[in-house]
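Worksheet: the structure to be examined is printed underneath.
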Amino acid sequence: MLIEDLPGTERTSRIHAGRMPALAGADLEVPLANGQMRRYVNLDFAASTPAMEAVVETVSAFVPWYSSVHRGTGWTSQVSTRAFEAARRAVHTFVGARPTDEVIFVRNSTEALNLLAHCIPLRPDQVVLSTALEHHANMLPWRRRGRVVHLDPPESPEALLDAVRRALQDRVWPVGLVAVTGASNVTGEVFPVRELATLAHEHDALIAVDAAQLAPHRAIDMVAAGIDCLALSGHKMYAPFGAGALVAPAALMAQAEPLLAGGGAVSYVTLDDVQWAALPDRLEAGSPNVVGAVALGAAATALSRAGMAHVAAHEKRLLGYLDGQFGDIPGLRRLRLWSSGGADRLGVCTFTVEGMHHALVAAALSAEHGIGVRHGCFCAHPYITWLLGVSPEQSGAIRERLRRGEHRDIPGAVRASFGIGTTVEHLDRLLAGLRTLVERGPHLEYREDPATGDYLPADDSRELPRFDLLPPLDADLRGPGCGQF
Ligand SMILES: Cc1ncc(COP(=O)(O)O)c(C=O)c1O
């Protein structure tokens, strides 16, 4: 079925006439545990998106020219420097930044938010106002800056605005910064950023938006929305080459002590003194990830050319379709923040399956249906435990088990998330897989890996691919982060 054929698309079919940018790996076939091959259904965009083909092409075209940036006089250095700075400009344009804003290239949103928390001037009596539903990346860095007020997950956008207004009016704890997500990575709700910015500014506070999820799916205009500072990740916006960005007023960062000290961030060094460079170099010490920045700039341009309104309309239509079908499957519990009303949501569907561990659901969708989703707590432990109704006693017991390195029985959910490459067929495959699981349970036998809490098929004949120049990818080659949830 084409997206244009979905019910209710007639009125807007013209905006769907264009095609979504192509994604690398769209035709990938993956093995099932029984050895059969299936077309892969990637529904894990909220974690990391596939690369856009246009981004890969730009990177391939650029790589022969790659060289040192800024200091080299060779022609390739000059080309690389211009490409790096052009990428900076592309990101600046993509988010509608002010001429007085600076784009700092970082690794990802986590680094961007840590850098911002390090730089932003706050008075000792000022607090950071945030919510309990933030990703850890927009929670933990602020704690290092002092007092953070976490508003309870609000019942509606209006309730959020009311709670923020009340907190801003509190004279005991003056708010210096409102730090909120642009959209929830767990349940997809898009925050009323413009209204939040107005409220923050009315009370002389700044607003920082964690746009890790928002940037790939909705148009951002920092000027129109009044966003002061913004963080985004390339690997979530179809440019998985290791770069992200912090965009913030130059005046906020110009005097900050660099987070990383080293070459590139300085204008002059003596044995007992250092003169830090001007922005952006000041906050980009060391040799930068030029290829990653070029990829991020290319993704920003490609998304703008595709049209963010077009992208958003595509994803909303798919979400409407999924919402319509999902309720028909018994035993699924959808996790939502704002269950009623027409509040905007990204293509994120997070749920639990009655009587089935979230890790088992995710493992079976992969091993038996060739579908990739995410399970666990999505780096938003306070929010997911709130959504699941985990009591303080249960929370204490979980903490104790994790302290002992036991990952069994960690609460969590399953998240299917999508974006520009997604089709109705992908969602149908998910729905069919879930129906089968709910009706008949997993077909295969699984064992729980106590070190990670993941479920693995007891008998798994899937072979990992080989990549030239890499040692074979043995199944027991686990990274140190495999136990994360
Ligand atoms: C809302 C949100 N903020 C921040 C992050 C952190 O992004 P990164 O892992 O790219 O640093 C994520 C990642 O999932 C996210 O979803």
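Numbering follows our numbering, with no gaps: position 170 of the sequence shown is 172.
Glycine included, every Cβ here is placed at the ideal spot set by N, Cα and C.
Fair warning: this is a prediction, and the values are worked out from it, not measured in the lab.
What I want to know is whether the C-beta of residue i ends up closer than 7 Å to one or more non-hydrogen atoms of ligand 1.
i, result
"C381", "yes"
"G414", "no"
"H94", "no"
"S235", "yes"
"D212", "yes"
"H377", "no"
"Q215", "yes"
"K238", "yes"
"T183", "yes"
"G372", "no"
"H137", "yes"
"T425", "no"
"A119", "no"
"T112", "yes"
"N116", "no"
"N44", "no"
"N36", "no"
"G326", "no"
"G246", "yes"
"N499", "It is not possible to answer for residue 499, since the shown part of the chain is limited to 3 through 487."
"N291", "no"
First and last residue of the alpha helix (DSSP H) that includes residue i?
i, result
"Y270", "Note, Y270: premise wrong, no alpha helix (DSSP H); beta strand (DSSP E) at 268 to 272."
"Q396", "394 to 405"
"E450", "Here E450 belongs to no alpha helix (DSSP H); instead the beta strand (DSSP E) covers 448 to 450."
"H94", "77 to 96"
"A165", "159 to 171"
"A302", "292 to 308"
"L234", "L234 -> not in any alpha helix (DSSP H); beta strand (DSSP E) instead, spanning 231 to 235."
"P143", "142 to 145"
Tell me whether the beta-carbon of residue i lies closer than 8 Å to the beta-carbon of residue j.
i, j, result
"G372", "V61", "no"
"S306", "S111", "no"
"L339", "E191", "yes"
"A280", "T354", "no"
"S419", "L45", "yes"
"H120", "A258", "yes"
"V97", "L232", "yes"
"F47", "G378", "no"
Hey, quick one: how far does the beta strand (DSSP E) through residue i stretch, first residue to last?
i, result
"C381", "Counting along the chain, C381 falls outside any beta strand (DSSP E), and DSSP gives it neither H nor E."
"L337", "334 to 337"
"W278", "275 to 278"
"L248", "246 to 251"
"D212", "208 to 212"
"G178", "177 to 183"
"V192", "V192 -> no beta strand (DSSP E), and no H or E assigned at all."
Drop a sphere of 10 angstroms on the beta-carbon of residue i, count the other beta-carbons inside from all chains shown, and report buried for 16 or more, exposed for fewer.
i, result
"D470", "exposed"
"R16", "Below a pLDDT of 50, predicted positions are generally treated as unreliable, and R16, at 37, falls in that range; no measurement from the model is reported."
"R13", "Note that R13 scores 38 on pLDDT, short of 50, meaning its location in the model is unreliable; the coordinates nonetheless yield the value given after this. Counting Cβ neighbours within 10 Å, R13 comes out exposed, since fewer than 16 surround it."
"A488", "Residue 488 falls outside the range modelled here, since the chain spans only 3 to 487, and no answer is possible."
"D103", "buried"
"R466", "Per the sequence presented here, residue 466 reads as Leu, with Arg not at that position. Its Cβ having fewer than 16 others within 10 Å, L466 is exposed."
"V456", "According to the sequence displayed, residue 456 carries Asp and not Val. With 16 or more Cβ atoms within 10 Å of its Cβ, D456 is classed as buried."
"R394", "Reading the sequence as shown, one finds Pro at residue 394 and not Arg. The residue in question, P394, is exposed, as its Cβ has fewer than 16 Cβ neighbours within 10 Å."
"T51", "buried"
"D476", "exposed"
"V225", "exposed"
"P155", "buried"
"V249", "buried"
"A311", "exposed"
"R21", "exposed"
"M3", "With a pLDDT of 49 at M3, under the threshold of 50, the modelled position of this residue cannot be trusted; read the value that follows with caution. Exposed, because fewer than 16 other Cβ atoms sit within 10 Å of the Cβ of M3."
"T454", "buried"
"P413", "buried"
"S341", "exposed"
"Y323", "buried"
With a threshold of 8 Å between beta-carbons, can residue i be considered close to chain B, or not?
i, result
"G27", "Absent here is chain B; the protein component of the structure consists of one chain."
Cβ of residue i versus every heavy atom of ligand 2: is any distance shorter than 7 Å?
i, result
"A48", "Summarising the ligand content, the structure contains ligand 1 and does not contain ligand 2."
- Three CB pairs or more closer than 8 Å across the segment 174 to 191 and the segment 130 to 142: yes
- Meets three-Cβ-pair contact criterion under 8 Å: the segment 33 to 51 and the segment 68 to 81: Because the criterion of three Cβ pairs below 8 Å is not met, the segment 33 to 51 and the segment 68 to 81 do not touch.
- Message: Assess contact between the segment 248 to 257 and the segment 138 to 156, defined as three or more Cβ pairs (one per stretch) separated by less than 8 Å. Is contact present?
- Response: no
- Message: For the structure I just gave you, are there three or more beta carbon pairs, one from the segment 145 to 158 and one from the segment 191 to 204, closer than 8 Å?
- Response: no
- Query: Any contact of the segment 310 to 318 with the segment 257 to 273, i.e. 3+ C-beta pairs under 8 Å?
  - Reply: no
- Message: Quick test of the definition: if touching needs 3 or more C-beta pairs under 8 Å, does the segment 427 to 438 touch the segment 388 to 403?
- Response: no
- Would you check if there are 3 or more beta carbon pairs closer than 8 Å linking the segment 379 to 390 to the segment 278 to 293? no
- Is the segment 297 to 304 in contact with the segment 236 to 246, if contact means three or more CB pairs nearer than 8 Å? Verdict: yes, contact present.
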